[in-house]
């Protein structure tokens, strides 16, 4: 789980050229990938529980845990998005800033309602 | 429900001096107040249903409706907050902008988890 | 919180004649009504905050609290419903029991998605 | 979706000896496993998007979709649980029935709050 190779960080620096990079980005990205891998493992574990006819309530506990893990990922992504993309756009102002805010609000609405 | 007196709009313009006002603010405020009054009526209606021993499932339908109404209010407030307070702060940058983003992210997390 | 007057209990016993009464019901009903009145007050308080141009984030905190209060009401109603209506129907079995389960599942889905 | 191979049904009948089997269970199980595999693929896809520095908002859309998929799994499990385990226990009545209801209510609360 902590086997993120140094090569990954290097690769990420490369991506920074795409315009999404930022000082704190690498750390956030590694943390997100770790969480996502854990969530993927949780979902796989739930499938195994269903296959093994594990008691429903115990499976439901795991589904709630996986849902929470995804929510945490979403909130981290959103915070990063507000701190970087939205903050940069609003610093410039104009229609791009408005568009970014609209987009962020729509994403928040989807999260709150999901 | 539509009894919002014209004086209200005037009063609101006064508040603009406090730093929360903005061109589109009056409309948002009226819409929010209408929604909140409807939500208040829904909650009062739910209490009446409980008093009258209405069938549980019918009460639950109303509780879901009231919860959704509050969520809509929250999303409208958040959108307004990002468009005004956060956008203004990030346009200036610095620690105030960071604080505003942190605050907004925490509010979003509370909403997603509630 | 335990100040439920005896008169109230007597009135509720009258409602039991409507067919929804059950040994534990009186206590649940009083607790639900108290919660609903508090939730109604919270929603009214939120409207006042909007009128007074209170800072968005502080309003959002109250909206999250009111939403949670309604969720607690919904979960109490659902628990009561499963313990009484559904349990009685399934004890008898047949199509009514199936209908009650379907209804309860639909109500749970609305709650989870709201 | 109805392509459940006979071999699978036979295997499941074996599991029925564990006490979780029931007439409708095979179909539900296959549908659940399909959904869970799709959800697992969605989570893996999200990790890939993060690795590739895909735009935050697009990743968030996928996170919402995966969360909804897990919610659907949870609601199907819960419906199955109420229809079988809870219905059987309440048909017998007594403390086991009460325990099953309590357990189901707690699971519903975790879902609603997650």
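Residue numbers (this note's numbering), protein chains in the order written: chain L, 8 to 121; chain U, 8 to 121; chain C, 8 to 121; chain D, 8 to 121.
For glycine and all other residues, C-beta sits at the position ideal for the given N, C-alpha and C.
Treat the numbers as computed from the prediction; the structure is a model and nothing was measured.
{"Item": "Quick one: which chain U residues come within Cβ less than 8 Å of residue 78/L?", "Value": "119, 120"}
{"Item": "What residues in the segment 34-61 of chain C have a beta carbon less than 9 Å from any beta carbon of chain D?", "Value": "none"}
{"Item": "Using a Cβ-Cβ distance under 9 Å, would residue 67/U count as near chain L?", "Value": "no"}
{"Item": "For the alpha helix (DSSP H) holding residue 63/C, just list the boundary residues, first then last.", "Value": "63-88"}
{"Item": "Taking the alpha carbon of residue 105/C as the point to measure from, which residue in 98/D, 57/D, 110/D has its own alpha carbon closest?", "Value": "98/D"}
{"Item": "In this structure, how does DSSP classify residue 59/C when only helix, strand and coil are distinguished?", "Value": "coil"}
{"Item": "Please go through the same chain and pick out, in chain order, the residues whose beta-carbon is closer than 8 Å to the beta-carbon of residue 46/D, but skip the five residues on each side of it.", "Value": "73, 76, 77, 80"}
{"Item": "So, for residue 31/D: in the same chain, excluding its five sequence neighbours on each side, which residues have a beta-carbon less than 7 Å away from its beta-carbon?", "Value": "In this predicted model, residue 31/D has a pLDDT of only 42, less than 50, meaning its place in the structure is not dependable; the value taken from the coordinates is given anyway. There are no such residues."}
{"Item": "Excluding the 5 residues flanking residue 49/D on each side, which residues of the same chain have their C-beta closer than 7 Å to its C-beta?", "Value": "69, 72, 73, 76"}
{"Item": "Roughly how many whole angstroms lie between the Cα atoms of residue 63/U and residue 59/D?", "Value": "49 Å"}
{"Item": "Comparing alpha-carbon positions, which option in 87/D, 56/D, 101/D lies nearest residue 111/D?", "Value": "87/D"}
{"Item": "Am I right that residue 115/C and residue 85/C are in contact with their C-beta atoms under 8 Å? What's the rounded C-beta distance?", "Value": "7 Å"}
{"Item": "Considering only their Cβ atoms, is the gap separating residue 40/U from residue 82/U smaller than 9 Å?", "Value": "no"}
{"Item": "Tell me, please, whether the CB atom of residue 112/L is closer than 9 Å to any CB atom in chain U?", "Value": "yes"}
{"Item": "Helix, strand or coil for residue 48/L, going by three-state DSSP, please let me know.", "Value": "helix"}
{"Item": "Less than 8 Å between the CB atoms is what I'm expecting for residue 54/C and residue 44/U, so what's the real figure, rounded?", "Value": "6 Å"}
{"Item": "Please check if any C-beta of chain D sits within less than 9 Å of the C-beta of residue 72/C.", "Value": "no"}
{"Item": "Note down, in chain order, every chain L residue with its Cβ under 8 Å from the Cβ of residue 108/D.", "Value": "None at all; the shortest Cβ gap to chain L is about 12 Å."}
{"Item": "Confirm, please, whether the CB-CB distance from residue 57/C to residue 107/U is below 9 Å.", "Value": "no"}
{"Item": "Does the beta carbon of residue 115/D sit closer than 9 Å to a beta carbon anywhere in chain C?", "Value": "yes"}
{"Item": "Could you give the residue range of the alpha helix (DSSP H) that holds residue 112/L?", "Value": "101-120"}
{"Item": "Counting only beta-carbon separations shorter than 9 Å, does residue 81/C have a partner in chain U?", "Value": "yes"}
{"Item": "Go through its chain and collect everything with a Cβ distance to residue 42/D's Cβ below 7 Å, but skip five positions before and after it.", "Value": "76, 79, 80"}
{"Item": "Please decide whether residue 97/U counts as near chain L, where near means a Cβ-Cβ distance under 9 Å.", "Value": "yes"}
{"Item": "How about residue 93/U and residue 103/L: are their beta carbons less than 9 Å apart?", "Value": "no"}
{"Item": "For residue 113/L, tell me which candidate among 34/D, 65/D, 89/D has the shortest Cα-Cα distance.", "Value": "65/D"}
{"Item": "Residue 38/U: buried (16+ other C-beta within 10 angstroms of its C-beta) or exposed?", "Value": "exposed"}
{"Item": "Distance, Cα to Cα, residue 100/U vs residue 95/L?", "Value": "9 Å"}
{"Item": "Would you please verify whether the beta carbon of residue 103/D is less than 9 Å from any beta carbon of chain C?", "Value": "no"}
{"Item": "Where residue 121/L and residue 121/U are concerned, what is the direct C-alpha to C-alpha distance, given to the nearest angstrom?", "Value": "12 Å"}
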